[in-house]
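Chemist: This is the structure I have questions about; it appears just below.
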Amino acid sequence: MVGRIPVIDVMPLVDNGRLPAKATVGEPFPVSATVFREGHDLLGAEVVLIDPDGVRRPPVRLRSGPATDRHTVDRYRAWVTPDRPGPWLFEIHAWSDPVATWQHDAGIKIRAGVDVELMFTEGRLLFERVLAGGGSHAASQLTPPEVAVLRGAIEAAQDTTRPVEARLAQLESPELSDVLLAHPLRELVTVDGPYPAYADRQRALYSSWYEFFPRSEGAFRNPKTGAVVSGTFATAAKRLDAVAAMGFDVIYLPPIHPIGEVNRKGPNNTVLSGPGPAPLDWPGSPWAIGSRHGGHDAVHPDLGTLADFDAFVTHANTLGLEVALDLALQCAPDHPWVSSNPEWFTTRADGTIAYAENPPKKYQDIYPLNFDNDPEGLAQEVLRVVRHWMAHGVRIFRVDNPHTKPVAFWQWLLAEVRQSDPDVLFLSEAFTKPPMLQTLGAIGFHQSYTYFTWRTAKGEVEDYLREVADESAHRIRPNFFVNTPDILHEFLQYGGPAAFKIRAVLAAMGSPSWGVYAGYELFEHVAVRPGSEEYLDSEKYQVRIRDWEAAEAEGRSLAPYLTKLNELRRTHPALQLLRNLVIHPTDDDGIVCFSKTAGADRVIVVINLDPHAVRDAMVHLDLAALGLEADATIPVHDELTGNDWHWSADNYVRLDPHEEPAHVLTVRLVP
Numbered sequence: 002m003v004g005r006i007p008v009i010d011v012m013p014l015v016d017n018g019r020l021p022a023k024a025t026v027g028e029p030f031p032v033s034a035t036v037f038r039e040g041h042d043l044l045g046a047e048v049v050l051i052d053p054d055g056v057r058r059p060p061v062r063l064r065s066g067p068a069t070d071r072h073t074v075d076r077y078r079a080w081v082t083p084d085r086p087g088p089w090l091f092e093i094h095a096w097s098d099p100v101a102t103w104q105h106d107a108g109i110k111i112r113a114g115v116d117v118e119l120m121f122t123e124g125r126l127l128f129e130r131v132l133a134g135g136g137s138h139a140a141s142q143l144t145p146p147e148v149a150v151l152r153g154a155i156e157a158a159q160d161t162t163r164p165v166e167a168r169l170a171q172l173e174s175p176e177l178s179d180v181l182l183a184h185p186l187r188e189l190v191t192v193d194g195p196y197p198a199y200a201d202r203q204r205a206l207y208s209s210w211y212e213f214f215p216r217s218e219g220a221f222r223n224p225k226t227g228a229v230v231s232g233t234f235a236t237a238a239k240r241l242d243a244v245a246a247m248g249f250d251v252i253y254l255p256p257i258h259p260i261g262e263v264n265r266k267g268p269n270n271t272v273l274s275g276p277g278p279a280p281l282d283w284p285g286s287p288w289a290i291g292s293r294h295g296g297h298d299a300v301h302p303d304l305g306t307l308a309d310f311d312a313f314v315t316h317a318n319t320l321g322l323e324v325a326l327d328l329a330l331q332c333a334p335d336h337p338w339v340s341s342n343p344e345w346f347t348t349r350a351d352g353t354i355a356y357a358e359n360p361p362k363k364y365q366d367i368y369p370l371n372f373d374n375d376p377e378g379l380a381q382e383v384l385r386v387v388r389h390w391m392a393h394g395v396r397i398f399r400v401d402n403p404h405t406k407p408v409a410f411w412q413w414l415l416a417e418v419r420q421s422d423p424d425v426l427f428l429s430e431a432f433t434k435p436p437m438l439q440t441l442g443a444i445g446f447h448q449s450y451t452y453f454t455w456r457t458a459k460g461e462v463e464d465y466l467r468e469v470a471d472e473s474a475h476r477i478r479p480n481f482f483v484n485t486p487d488i489l490h491e492f493l494q495y496g497g498p499a500a501f502k503i504r505a506v507l508a509a510m511g512s513p514s515w516g517v518y519a520g521y522e523l524f525e526h527v528a529v530r531p532g533s534e535e536y537l538d539s540e541k542y543q544v545r546i547r548d549w550e551a552a553e554a555e556g557r558s559l560a561p562y563l564t565k566l567n568e569l570r571r572t573h574p575a576l577q578l579l580r581n582l583v584i585h586p587t588d589d590d591g592i593v594c595f596s597k598t599a600g601a602d603r604v605i606v607v608i609n610l611d612p613h614a615v616r617d618a619m620v621h622l623d624l625a626a627l628g629l630e631a632d633a634t635i636p637v638h639d640e641l642t643g644n645d646w647h648w649s650a651d652n653y654v655r656l657d658p659h660e661e662p663a664h665v666l667t668v669r670l671v672p
């Protein structure tokens, strides 16, 4: 039922409040509502946060937009910040505001000479109510200076010996307005809510991911036999120091389990035909999980043992890296589950088990799971597997193709884990239709892959940045991966080194979470064929031997650039937030500008999106969005080049992608 003061269109709500909106410890998020009433009397509104212990926090006043803007009239908004993890609630409190109504009417009537003394009397009575504790706080909570201001106002309201103008000026003073705002009188109070939000730990929002295949790190070719010798957890651990030095804080591993030997895939997704073992250089796809060596709770014997994996995790943690493990719910034909639980798969009319297909693509080495025949048994087994790896130090899971499993299953699984281990995070790899991507985020996935990879033109980039920072932030947290083992966008294939810089700075500055797949820093850009986004000699099907040290020594590595970007992210709190992004207009269709602000920390990013040509433009800053005066001139420092300038509302930029395609400007104001 609508309250005495109607409160409608409350945000953030997910599924009409049946699911919690996303929040993060230390991250401000906006609460808004349309609040109105009959007649002309004014009203007030505030939001009240309720912490996980049920304690109501001090209210935060909701502010309305300009009455001249049809999109913001009667729309009230405030920013609130949870300070601890767990389930939170928020309420909207709205009321008739007799003080604000009097202030509005008195300013008009007294100046017009209408009901002068009556208006002063009504004001005095309202001030006496506030002084007596009729506002939001008890009288004892008024500070001595506030009491003095109120008593002075009461005296001025009834002092007929003073000029009317002087009395009115005292009743309109900023000091009195501040007291009345802090201790409002509330009439006809309406409480709407509570509505849920869940605050996760900061890593759910802010993270820098680096992905590598352990079998490639430390791998080498045997000079006698010509066979490629797989890397191990021990050799891969040696690479962790370089990953940490680049400023990454999450190391993501594709599946580390035994790989099926039936229908094993070879280089460039070729299929082994005929009987006999696979060639020496055919290690198979890590996503074809399970063999005679075990299933989802085992490690590939070429990588080492569970004890070796534990040592890998321990070393990563000492370097400040969290280990994210791939959770790929699919099986090779020789996975133990195929024999022990055939009901977990789909049997075709000819009696064979169906392998995965995405016509015209065929994945003969993978059997999809079927969640309809024994949903309870399969769900409990998956939960067991997840808890198994949690017990071995994994607190982040990157989930492969979650959109191919029932949403209800994910909601159950994530709720089960959250109940016992709320620090465990799940990243959804759902390159699928928007409703599925958004729903997976809404039901509990902490981060989501996005369509960032395919947004390259200026309009696309600006629209998508607005979408993830504002429109969908209550449902999903984006993770901007610049590349993946599956996705080598044509922008990188044909854009040269400049394209790699452009996408890195756009991802690292535009989203609080971003990711890089190994080889990006070496500008790996060759596709298996024209028009494909698959890498030539994809690491999904074979070991890739890289000489990291030689590349850096010869200046062929983007690692120093990635290091600088991650350093900026760690230094500037503004870059660790999602909802604070503002787009600023530019005069060129190849240059995008956005800013991020957190208190006094202000970062302005300008990027040439064209990897082939020099672009110049005027950049028009919304200085108010930066918390600055409209006529301000501000000193800015370019963190990428070291240059210093003074900027104002309108600024000329020229960006040569072959030198430096971006400005990352920090505002340096003298306190």
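Here the working numbering is used: position 257 in the sequence shown is 258, and no number is missing along the way.
Beta carbons are placed, not taken as given, at the ideal position from N, Cα and C, and that holds for glycine.
These numbers were taken from a predicted model, which means no experiment stands behind them.
1. What does the Cβ neighbour count give for L63, buried or exposed, with the cut at 16 atoms within 10 Å?
2. Report the rounded CA-to-CA distance for E188 versus D54, giving the unit in angstroms.
3. So, helix, strand or coil for A614, using DSSP?
4. Can you give the Cα-Cα distance for A245 and L320, rounded to whole angstroms?
5. What's the gap between the Cα of I635 and the Cα of K406?
6. Under the three-state reduction of DSSP, which class applies to Q543: helix, strand or coil?
7. May I have the straight-line CA-CA distance separating L711 from R467, to the nearest angstrom?
8. First and last residue of the alpha helix (DSSP H) that includes M120?
9. Does the distance from the CB of A238 to the CB of A357 come in under 8 Å?
10. So what's T226 in DSSP terms, helix, strand or just coil?
11. By the three-class DSSP mapping on this structure, what secondary structure does M12 have?
12. Please look up how many angstroms separate the CB atoms of D327 and L254, rounded, as I've assumed it's under 8 Å.
13. May I ask you to report which of helix, strand or coil DSSP gives D401?
14. Checking 8 Å against the spacing of the C-beta atoms, do P195 and L90 come in under that value?
15. Which same chain residues, not among the five before or five after G1, have their C-beta less than 6 Å away from its C-beta?
16. Tell me which residue opens and which closes the beta strand (DSSP E) that S676 is part of.
17. Expressed to the nearest angstrom, what Euclidean distance is found between the alpha-carbon atoms of D401 and S429?
18. Excluding the five sequence neighbours on either side, which residues of its own chain have a C-beta within less than 7 Å of the C-beta of Y77, listed in chain order?
19. Quick check on the DSSP output: the beta strand (DSSP E) that includes T25 runs from which residue to which?
20. Between A107 and I6, what straight-line distance do the alpha-carbon atoms span, to the nearest angstrom?
21. Checking 8 Å against the spacing of the C-beta atoms, do I397 and E323 come in under that value?
22. If you follow the alpha helix (DSSP H) that A101 is part of, which residue opens it and which one closes it?
23. Determine the contact status of P60 and V74, defining contact as a CB-CB distance below 8 Å.
24. For a test of the three-state rule: what should DSSP assign to V654, helix, strand or coil?
25. Can you give the beta carbon distance from W345 to L384, rounded, assuming they're within the 8 Å contact cut?
26. When the Cα of V607 is compared with those of R478, N371 and V583, which residue comes out closest?
27. Just list the alpha helix (DSSP H) runs in the region 421-474, keeping only unbroken ones of 4 residues or longer that don't cross its boundaries, in chain order.
28. What three-state label does DSSP hand L582 in the structure shown?
29. Considering only their Cβ atoms, is the gap separating Q543 from P259 smaller than 8 Å?
30. So, at 6 Å on beta carbons, what are the nonlocal neighbours of Y211 in its own chain, with the 5 sequence-adjacent residues on each side left out?
31. How should L656 be labelled, buried or exposed, when 16 other C-beta atoms within 10 angstroms of its C-beta is the threshold for buried?
32. Return the CA-CA distance between Y452 and R557, expressed in angstroms with no decimal places.
33. Mapping the DSSP letters down to three states, classify H138 as helix, strand or coil.
34. CB A79 to CB A200, shorter than 8 Å?
35. So, are the CB atoms of V483 and Y521 less than 8 Å apart?
36. DSSP three-state call for R78: helix, strand or coil?
Modeler: Walking through what the data contain:
1. Numbered from 1 along the sequence shown, position 62 holds the residue referred to as residue 63. It counts as buried.
2. Along the sequence shown, one-based indexing puts residue 188 at 187. Along the sequence shown, one-based indexing puts residue 54 at 53. Cα to Cα, the separation comes out at about 29 Å.
3. Taking the first residue of the sequence shown as position 1, residue 614 is located at position 613. Residue state, collapsed to three classes: coil.
4. Position 244 of the sequence shown, counted from the start, is the residue given in the question as residue 245. Position 319 of the sequence shown, counted from the start, is the residue given in the question as residue 320. Near 6 Å, if we compare the C-alpha coordinates of L320 and A245.
5. Working through the sequence shown from its first residue, we reach residue 635 at position 634. Working through the sequence shown from its first residue, we reach residue 406 at position 405. One C-alpha to the other measures close to 52 Å.
6. As a working mapping, residue 543 is identified with position 542 in the sequence shown. In the displayed model, Q543 falls within coil according to three-state DSSP, outside both helix and strand.
7. Outside the displayed span of the chain (2 to 672) sits residue 711, for which this structure offers no information.
8. Sequence index remark: in the sequence shown, residue 120 carries index 119 (1-based). For M120, the enclosing alpha helix (DSSP H) begins and ends at V117 to L132.
9. The residue labelled residue 238 in the question sits at position 237 within the sequence shown. The residue labelled residue 357 in the question sits at position 356 within the sequence shown. For the pair A238 and A357, the CB atoms are not nearer than the 8 Å cut-off.
10. The residue given as residue 226 occupies position 225 in the sequence shown. Of the three classes helix, strand and coil, the one that applies to T226 here is coil, per DSSP.
11. What you label residue 12 is simply residue 11 of the sequence shown in a count that begins at 1. Here M12 sits in strand by DSSP.
12. Your numbering for residue 327 matches position 326 in the sequence shown. Your numbering for residue 254 matches position 253 in the sequence shown. Rounded, the Cβ-Cβ distance is 6 Å, consistent with contact.
13. If you number the sequence shown from 1, residue 401 lands on position 400. Three-state DSSP puts D401 in a strand.
14. To locate residue 195, count along the sequence shown from 1; it is residue 194. To locate residue 90, count along the sequence shown from 1; it is residue 89. Yes, they are a contact pair.
15. This structure cannot settle anything about residue 1, because the visible part of the chain is limited to 2 through 672.
16. No answer is possible for residue 676: it lies beyond the span of the chain, which begins at 2 and ends at 672.
17. The residue labelled residue 401 in the question sits at position 400 within the sequence shown. The residue labelled residue 429 in the question sits at position 428 within the sequence shown. Spanning the two alpha carbons is a distance of roughly 7 Å.
18. Position 76 of the sequence shown, counted from the start, is the residue given in the question as residue 77. Here the set comprises S33, A34, V36, A46, L63, R64 and S65.
19. Counting from 1 along the sequence shown, the entry for residue 25 is found at position 24. That run of the beta strand (DSSP E) goes A22 to T25.
20. Start at 1 with the first residue of the sequence shown, and residue 107 comes out as number 106. Start at 1 with the first residue of the sequence shown, and residue 6 comes out as number 5. About 23 Å.
21. What you label residue 397 is simply residue 396 of the sequence shown in a count that begins at 1. What you label residue 323 is simply residue 322 of the sequence shown in a count that begins at 1. Cβ distance < 8 Å, so I397 and E323 count as in contact.
22. Here residue 101 refers to the residue found at position 100 when the sequence shown is read from its first residue. Per DSSP, the continuous alpha helix (DSSP H) segment holding A101 begins and ends at P99 to A113.
23. One-based indexing of the sequence shown puts residue 60 at position 59. One-based indexing of the sequence shown puts residue 74 at position 73. At least 8 Å separates the beta-carbon of P60 from that of V74.
24. Mapped onto the sequence shown, residue 654 falls at position 653. DSSP places V654 in strand when its eight states are reduced to three.
25. The residue labelled residue 345 in the question sits at position 344 within the sequence shown. The residue labelled residue 384 in the question sits at position 383 within the sequence shown. Contact flag wrong, Cβ pair sits at about 14 Å.
26. Walking along the sequence shown from the start, residue 607 turns up at place 606. The residue among R478, N371 and V583 with its C-alpha nearest the C-alpha of V607 is V583.
27. Restricted to the region 421-474, the alpha helix (DSSP H) segments that are unbroken, complete and at least 4 residues in length are 435-443 and 459-467, listed in chain order.
28. By one-based count along the sequence shown, residue 582 stands at place 581. Assignment of L582 by DSSP, reduced to helix, strand and coil, places it in the strand class.
29. Here residue 259 refers to the residue found at position 258 when the sequence shown is read from its first residue. Here residue 543 refers to the residue found at position 542 when the sequence shown is read from its first residue. Contact: no.
30. Taking the sequence shown and counting its residues from 1, the one referred to as residue 211 is at position 210. Excluding positions up to five away in sequence, the list reads V244, F249, I252 and V517.
31. Position 655 of the sequence shown holds residue 656. Per the 10 Å Cβ criterion, buried.
32. Stepping through the sequence shown from its first residue, residue 452 is reached at position 451. Stepping through the sequence shown from its first residue, residue 557 is reached at position 556. So the two alpha carbons sit approximately 29 Å from each other.
33. Within the sequence shown, residue 138 is the residue found at index 137, counting from 1. Summary for H138: the model assigns pLDDT 47, below 50, so the residue's position carries little reliability, and this model does not support an answer.
34. One-based indexing of the sequence shown puts residue 79 at position 78. One-based indexing of the sequence shown puts residue 200 at position 199. Cβ atoms of A79 and A200: not closer than 8 Å.
35. Here the question's residue 483 lines up with position 482 in the sequence shown. Here the question's residue 521 lines up with position 520 in the sequence shown. Taking the C-beta atoms as reference points, Y521 is found nearer than 8 Å to V483.
36. For the purposes of this step, residue 78 is identified with residue 77 of the sequence shown, where counting begins at 1. Residue state, collapsed to three classes: strand.
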